[in-house]
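In our numbering, the protein residues as written are 18 to 547.
Right, here's the structure in full:
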């Protein structure tokens, strides 16, 4: 359900452009960009003077903002009062639905940045905070905000901002319905209304020993802002004191005094294109991405951005490497198809773990997994060096497709699973274990003559004795061999198992030979692989 924002006085506040992106349009640009500190894995190398629009670069800096000689984007310094700054990427990102009019086709979008605020840590001396900003004002990258509580974005509409506020404002009576919840907080802000907080987060609830975003040593904080898009429309913000992304995003709290601005799903279900097109029907759904900050009168601090990257093509990873990438897209692109930066992809020539898990190969041109077409595609593949062209594993690298691929103790190919097994039919089994268990694909003993019917030289299943379970030669039950008078002769059995007691002197030798043969058979069987 779509909701609207209402002030207590009944004045309508327009919905803000939120975190989502869609396919490029004629006046927009699908963009990935990375600005990383020197010495990182960045393609850019860090902020530098040539990044400024005036020098042919991609960043428009306003007011107090500057790029330092150490590659830091400094928004304000601690020496001057009442400063404000905003920095924009020069081109807007297209934020329309991928399918016009279909709110289930919001395109995912991701941002990462690290910041520091310092050296003043006492609230009475420090102010006021910084923000990540997306706006679609008609003035574009020339639109600026104010200082103090405005944090450099105040008054810019339509917009949204994720603010990191270090000073608790006490607004005049009736001037703000949803004011600062505390001194240090993360705020979800709309349309440049810097005193009204639709939703907020208190870091002190989750960070042990949290003393604020400010520090005398200008400690870095790391932030990931991700819009999931595609009908889930989640605005996830991750906050960490290290460069390791947390497993879970922060938990927004609705500002419920005097009444909630949104229903209980805000801001975890928010439609940027809808809000923008309803409130600003004459504007395309696009957004200028920026960072802003301000000092508060004589309450000052240095607000600095050390790394910043964003993408509406995927999750950016130039600044962070593969640690930024989720399990489904574990590799960081080489950048060949994203010349302005790098995003998380399914595979690269250096990392094809996702393809291996699926038995596929990496198409390094597209940096995605795909099917094999011939055995040569599978050379060295851990899943096997044969390409299955048919069956449920078609297009995957497998161990075998025919029996000839399976020498040794597993001479048969199970073509359903494309793996080498001990047997797939009785013909693969020896006389000692003549029956193929078609479920386990192992050879087992016989239990009846029928199990030996395909073995003309050994057609009988021995049901007892040393040869039990083996297929053996036929021995007619009405004949018994014995020795008489020193010679070998055959005589009819009595039918009761009795034989002549006139066995010759070689009878013991024959018995011994029989025992030796049985021992040899046992040795053959015990030496046989399972």
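Here a beta-carbon is modelled for each residue, glycine too, at the ideal position from N, C-alpha and C.
Return yes when the Cβ of residue 324 is within less than 8 Å of the Cβ of residue 336, no when it is not.
Yes. Within cutoff.
In the DSSP assignment, the alpha helix (DSSP H) including residue 373 goes from what residue to what residue?
370-375
Could you round the C-beta distance between residue 347 and residue 49 to whole angstroms and report it? I think they count as a contact, below 8 Å.
With 8 Å as the limit, residue 347 and residue 49 do not qualify as a contact, their Cβ atoms being about 18 Å apart.
Going by beta carbon distance, what residues of the same chain come within less than 8 Å of residue 236, once the five residues before and after it are set aside?
Take residue 236, set aside five residues on each side of it, and the residues of its chain with a beta-carbon closer than 8 Å to its own are 133, 135 and 258, in chain order.
Residue 232 and residue 138 look like a contact to me (Cβ under 8 Å); what is the Cβ gap, rounded to whole Å?
6 Å
Quickly, what does DSSP pair residue 131 with across the bridge? List them, please.
239 and 324
Is residue 352 near the ligand SAM - that is, is its Cβ less than 7 Å away from at least one heavy atom of it?
Among the ligands in the structure shown, none appear at all, so the ligand SAM cannot be discussed.
For residue 392, which residues from the same chain have a beta carbon less than 7 Å from its beta carbon, with the 5 sequence-adjacent residues on both sides left out?
Here the set comprises 402, 403 and 404.
Can you check which of these residues, 52, 394 and 72, is closest to residue 63 by C-alpha distance?
52
In or out: residue 457 buried (at least 16 other Cβ within 10 Å) or exposed?
Counting Cβ neighbours within 10 Å, residue 457 comes out exposed, since fewer than 16 surround it.
Given a cut-off of 8 Å on the beta-carbon distance, is the pair residue 463 and residue 453 in contact?
Contact annotation: residue 463 and residue 453 have beta-carbon atoms that are not nearer than 8 Å.
If you measure between the beta carbons of residue 414 and residue 385, is that distance less than 8 Å?
No, the pair does not count as a contact, with Cβ atoms beyond the cut-off.
In or out: residue 519 buried (at least 16 other Cβ within 10 Å) or exposed?
Low local confidence applies: a pLDDT of 45 at residue 519 is under 50, so the model's placement there is unreliable, with the coordinate-based value given in what follows. Under this definition residue 519 is an exposed residue.
So what does DSSP say about residue 389, is it helix, strand or coil?
Coil at residue 389, not helix or strand.
What separation, rounded to the nearest whole angstrom, lies between the Cα atoms of residue 240 and residue 267?
In this structure, the CA atom of residue 240 is about 11 Å from the CA atom of residue 267.
Quick test of your reading: residue 162 and residue 172, contact by CB under 8 Å. State the CB separation rounded to the nearest angstrom.
5 Å
Are the beta-carbon atoms belonging to residue 376 and residue 345 less than 8 Å from one another?
No, the Cβ-Cβ distance between residue 376 and residue 345 is not below 8 Å.
In angstroms with no decimal places, state the Cα-to-Cα distance between residue 131 and residue 143.
20 Å
Exposed or buried, residue 126, counting other C-beta atoms within 10 Å across all chains shown (16 or more means buried)?
buried
With a threshold of 6 Å on Cβ separation, who are the neighbours of residue 514 within its own chain once the five nearest residues in sequence on each side are excluded?
Note that residue 514 has pLDDT 39, beneath the 50 cutoff, so the model's placement of it is unreliable and the number below is only indicative. Around residue 514: no qualifying Cβ.
Which residues in the same chain as residue 373 place their Cβ atom closer than 6 Å to its Cβ, once the five residues preceding and following it in sequence are excluded?
399
I'd like to know whether the C-beta atoms of residue 110 and residue 306 end up nearer to each other than 8 Å.
Less than 8 Å divides the Cβ of residue 110 from the Cβ of residue 306.
Residue range of the beta strand (DSSP E) that residue 176 falls in?
Taken as a continuous stretch (DSSP letters only), the beta strand (DSSP E) holding residue 176 covers 176-182.
State buried or exposed for residue 67, treating a residue as buried only when at least 16 other CB atoms are found within 10 Å of its CB.
exposed
Just to confirm the assignment, what range does the beta strand (DSSP E) spanning residue 9 have?
Here the chain has residues from 18 to 547 only, and residue 9 is not among them.
Pull up the distance between the alpha-carbon of residue 428 and that of residue 450, whole angstroms please.
15 Å
With burial defined as no fewer than 16 other Cβ atoms inside 10 Å of the residue's Cβ, what is the status of residue 81: buried or exposed?
buried
Given a threshold of 16 other Cβ atoms within 10 Å of its Cβ, counted over all protein chains shown, does residue 327 qualify as buried or as exposed?
buried
Mind checking which residues open and close the beta strand (DSSP E) that includes residue 461?
459-461 is the extent of the beta strand (DSSP E) around residue 461.
Of all the options 468, 473 and 474, which has the alpha carbon lying nearest to the alpha carbon of residue 486?
468
In whole angstroms, what is the alpha-carbon distance linking residue 491 and residue 475?
7 Å
Would you list the residues sitting across from residue 146 in a DSSP beta bridge?
182 and 311
Just how far apart, CA to CA, sit residue 238 and residue 256?
7 Å
Relative to the alpha-carbon of residue 339, which residue among 369, 318, 322 and 321 has its alpha-carbon at the smallest distance?
If we check each option's Cα against that of residue 339, 369 comes out closest.
From residue 526 to residue 460, what distance separates their C-alpha atoms?
Interpretation of residue 526 is limited by its pLDDT of 44, a score under 50 that renders its predicted location unreliable; no figure is taken from the coordinates.
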